[in-house]
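A.B. asks: Protein chains in written order, with the working numbering: chain D, 63 to 566; chain G, 1106 to 1520.
Just so it is clear, CB atoms sit at the ideal spot from N, CA and C, and this is done for glycine as well.
The model shown is predicted, which means the values in this text are computed figures rather than measured ones.
(1) In chain order, which beta strand (DSSP E) runs of at least 3 residues are fully inside the segment 220 to 250 of chain D?
(2) If you drop the 5 nearest sequence neighbours on each side, which residues of the same chain put their C-beta closer than 7 Å to that of residue 1175 (chain G)?
(3) Quick one: Cα of residue 198 (chain D) to Cα of residue 149 (chain D), how far?
(4) Applying a beta-carbon distance threshold of less than 9 Å, which residues of chain D neighbour residue 1383 (chain G)?
(5) Pull up the distance between the alpha-carbon of residue 244 (chain D) and that of residue 232 (chain D), whole angstroms please.
(6) Starting from the C-beta of residue 211 (chain D), find all residues in its chain whose C-beta is less than 6 Å away, skip the five residues before and the five after it, and write them out in chain order.
(7) Spatial neighbours of residue 561 (chain D) within its chain, please: CB distance less than 7 Å, with the 5 preceding and 5 following residues excluded, ordered by chain position.
(8) Beta carbons nearer than 9 Å to chain D: which residues of the segment 1159 to 1186 of chain G have them?
(9) Residue 1478 (chain G) by DSSP, collapsed to three states: which one?
(10) DSSP on residue 344 (chain D), reduced to helix/strand/coil?
(11) Against chain D, does residue 1303 (chain G) count as a neighbour if the rule is that its beta carbon must be under 7 Å from one of theirs?
(12) According to DSSP, is residue 556 (chain D) part of a helix, a strand, or is it coil?
(13) Using the beta-carbon of each residue, which ones in chain G are nearer than 7 Å to residue 393 (chain D)?
(14) Mind pulling the beta strand (DSSP E) runs of 3 or more residues that sit fully within the segment 278 to 340 of chain D?
(15) Pull the bridge partners of residue 200 (chain D) from the DSSP assignment, please.
(16) Determine the direct distance from the alpha carbon of residue 1460 (chain G) to that of residue 1197 (chain G), and round the result to whole angstroms.
(17) With DSSP as the reference, please indicate the residues paired to residue 82 (chain D) in a beta bridge.
(18) Taking a contact to mean a Cβ-Cβ separation below 7 Å, would you say residue 1229 (chain G) touches residue 1257 (chain G) in this structure?
(19) Do the segment 520 to 532 of chain D and the segment 317 to 328 of chain D meet, that is, are 3 or more Cβ pairs less than 8 Å apart?
(20) Could you run through the segment 364 to 388 of chain D and flag, in chain order, every residue whose CB is less than 7 Å away from some CB of chain G?
(21) Nearest-angstrom Cα distance between residue 388 (chain D) and residue 1266 (chain G)?
(22) With DSSP as the reference, please indicate the residues paired to residue 520 (chain D) in a beta bridge.
(23) Taking 7 Å as the threshold (C-beta atoms), are residue 468 (chain D) and residue 489 (chain D) in contact?
(24) Mark residue 1337 (chain G) as exposed unless 16 or more other C-beta atoms lie within 10 angstroms of its C-beta, in which case mark it buried.
(25) Residue 181 (chain D) lies in the alpha helix (DSSP H); which residues open and close that run?
(26) Based on DSSP bridge pairs, tell me the residues matched to residue 1345 (chain G).
(27) If I'm right that residue 1463 (chain G) touches residue 1227 (chain G) with Cβ under 8 Å, what's the distance once you round it to whole angstroms?
(28) Can you say whether residue 1367 (chain G) is buried or exposed, counting buried as having 16 or more other CB atoms within 10 angstroms of its CB?
(29) Let me make sure I understand the geometry here. Which of D:350, D:450 and D:470 has the alpha-carbon closest to that of residue 568 (chain D)?
(30) What number of angstroms, rounded off, separates the C-alpha of residue 1390 (chain G) from the C-alpha of residue 129 (chain D)?
(31) Just to check my reading of the structure: residue 444 (chain D) and residue 419 (chain D) have Cβ atoms closer than 8 Å, yes? What is that Cβ distance to the nearest angstrom?
(32) When you compare only the Cα positions, how much space is there between residue 1520 (chain G) and residue 1147 (chain G)?
(33) If contact is defined by three or more beta carbon pairs under 8 Å, each pair taking one atom from either stretch, is the segment 469 to 486 of chain D in contact with the segment 448 to 461 of chain D?
(34) Rounding to the nearest angstrom, what Cα-Cα distance links residue 1113 (chain G) and residue 459 (chain D) in this structure?
(35) Report the rounded CA-to-CA distance for residue 1515 (chain G) versus residue 1298 (chain G), giving the unit in angstroms.
(36) Quick one: which residues of the segment 432 to 463 of chain D get their C-beta closer than 7 Å to a C-beta of chain G? List them in chain order.
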């Protein structure tokens, strides 16, 4: 049988980087093929080539036995290739129908949109593949999981046979992930073929028919879930053995450091985002906050770190009221913050690594004397942190924006951990990082905890919360609906809580 | 990937690395933008010259020759007007007459005189850019700075120059600073956009200075809206005799540029302002006070523009007239961009602009080329600076690893 899609010897060079090096890949009809690799391994480049966003330097793309020339997404769609990007390309103020039609509008009477017939086709597609969605609802009102379905419908509407899903599970709850995989199965049954990009091993092993691992722009190997296991895949991905077991000492819990009582926080649009939340964080423990993104975690962290001020409730750090305190006051009380969005909040990308490493201490001795910055001290500090935190960089004086995501995160962790702290807020500490960096940052977080630091860790990665936390608080719709001991907590239990299901 | 592999990858031919670096350097881009602007300017001169068309009627080569000749004579006149005519300089030196020598060198010094207000105003706008603020109000701040300076320079009497000059300059700094402070404060407290508010402050400044020159500041002995001459003790020292108007304001400008450089890159205040400018969210995260930074930056920016006005009053005109500034504050936006908001870059761009402006006057007289060609030339250069992709495509330059322009242009979006 001819494969539905074949990539032969795809090579793509960027200045200074060989992003794809002689990549071969075959996709059989009716197959779910997982493309596994770390960030920067070249998965996205490959898929962007296939989707016509990049031109390959070498190699050929063969669909149904015929070589095709893809120079734009339009060509790709014509050849039956469709892609769902990690960040959805939907217009929030349009309805589902309008979004699906966009770029391929059916019209009648020379120019008027024919929403009715489109909606009918959408219903047909959603029935056929059990992709439940209401064509008349506005995209902004839909949960993320349903928005993703709209993206898939968009492809099916254009009669794509080859679907590329780029990190489709990154934004979903565990239950939504299960639903997505059911949908993928029914798509495959209906004759579609799927390439799905991920760096999550467990998903790959459960749902893929075949797995191709990419590292450093090269194909390391292709295998099937039956022939392999998590450790072997991780080793293929990283190029060395990786330990998944987090060595965790029993927590030595001491005094309460952060006390939050009946806290109410508004978001940027002045809607109540955090509703009467109460909890404590003690020295020597990690309190993990689990929850699907957008359930008030961001606003909670902002209030605790002084970036916004709560409208009601009590907020004390080491007995001091910090309800109206500025970020600087809170930092000076011995608190550290690994922000959710490292590039927007945590770093000044155009500044040097050395300057970024003193972002919140630049005005203090020894980095400043009077109003003058002491460049030697700043540089010394940078060299120390780069050594201690294994930041891979040719020099401390290059812009931090030129580092990889993992190294950028190490810069932040290094900065926050290199001053005496007793309280840490770590928000999505490993988002978008590769396996090696995740392992490293987890180790450092546990070290801090063992040193007696109180840690509040917010993460949407359920595995991370389960592995690192001593207690787990689950946030749903602005409330903490349960706080449970991490020991004995199961993925299913937390997953249900994340979806707002509280057992009677 | 192991370290060994990495090292292997970065090992390249040193010559190629050098070319790569040159190709990525923002300086290369700037220089090529200027050169391309000059070439296009020459082309423009050629295609607007009737002689060239007549020559093309004769033959193609005649036309090309005539076009090249037209461009050449334009730039020759520009050079003579801005730097000086070499043959005249040699002649004057041979004759040994001091006035002839001064006349021969005058174009060069006159260009420096024209550069000086550009340096101050360019620094003003550049400082704003660094903090993510788009100060369009430099022109108004120049007028207010000039007005406060002229007040101090006329009405303070009996002071020695060593005190009177600094006080008058300070008056200009504070006057312009106040004019920048107001939109800065409005932005910080009410969110009112500084672009709109500085434009409005310009109108207020223009009309206010007109009012002052028809009323309180008007020379009681004259009929035109011009102030009285300033006290002798407030004038900036001129090292050469007439006709050379070169004054120490140029050196003050260089010194202020040095101070701005130290302030921006060597002090905690500068670090704060730069962080607020390049990433306000990170600045907030780091506990920096964004309101205070915005207000301070606008005050300093206005103050620097005010110094441009003070410089013109104390160094060149010795009085205040209604339209004494010919758009220095607006050209300053352009040259701050050209100088990449870097004090050294601003000084170099200001000198370039000063020489172009001054040379253009001579060019108009001797080659009959309208002075406006210089504005077109500046516009060409700026288009290339603002759209670096054009230059990169023409000269096949490499993309820089990190977008440096993004930092300088942050103010355009006004976020």
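C.D. replies: Considering the structure as presented:
(1) 224 to 228
(2) 1150, 1151, 1154, 1156 and 1157
(3) 22 Å
(4) 410, 411, 412 and 413
(5) 17 Å
(6) 193 and 195
(7) 235 and 237
(8) none
(9) helix
(10) strand
(11) no
(12) helix
(13) 1392
(14) 280 to 285 and 318 to 328
(15) D:157
(16) 22 Å
(17) D:74
(18) no
(19) no
(20) 369 and 388
(21) 48 Å
(22) D:351 and D:489
(23) no
(24) exposed
(25) 177 to 190
(26) DSSP output for residue 1345 (chain G) lists no bridge partner at all.
(27) With 8 Å as the limit, residue 1463 (chain G) and residue 1227 (chain G) do not qualify as a contact, their Cβ atoms being about 16 Å apart.
(28) exposed
(29) Past the edges of chain D, shown from 63 to 566, lies residue 568 (chain D), and the structure says nothing about it.
(30) 52 Å
(31) 5 Å
(32) In this predicted model, residue 1520 (chain G) has a pLDDT of only 31, less than 50, meaning its place in the structure is not dependable; the value taken from the coordinates is given anyway. For residue 1520 (chain G) and residue 1147 (chain G), the distance between alpha carbons rounds to 39 Å.
(33) yes
(34) Since pLDDT at residue 1113 (chain G) reaches only 42, below the 50 mark, its modelled position is unreliable, and the value read off the structure follows with that caveat. Cα to Cα, the separation comes out at about 22 Å.
(35) Summary for residue 1515 (chain G): the model assigns pLDDT 42, below 50, so the residue's position carries little reliability, and this model does not support an answer.
(36) 433, 434, 435, 461 and 463
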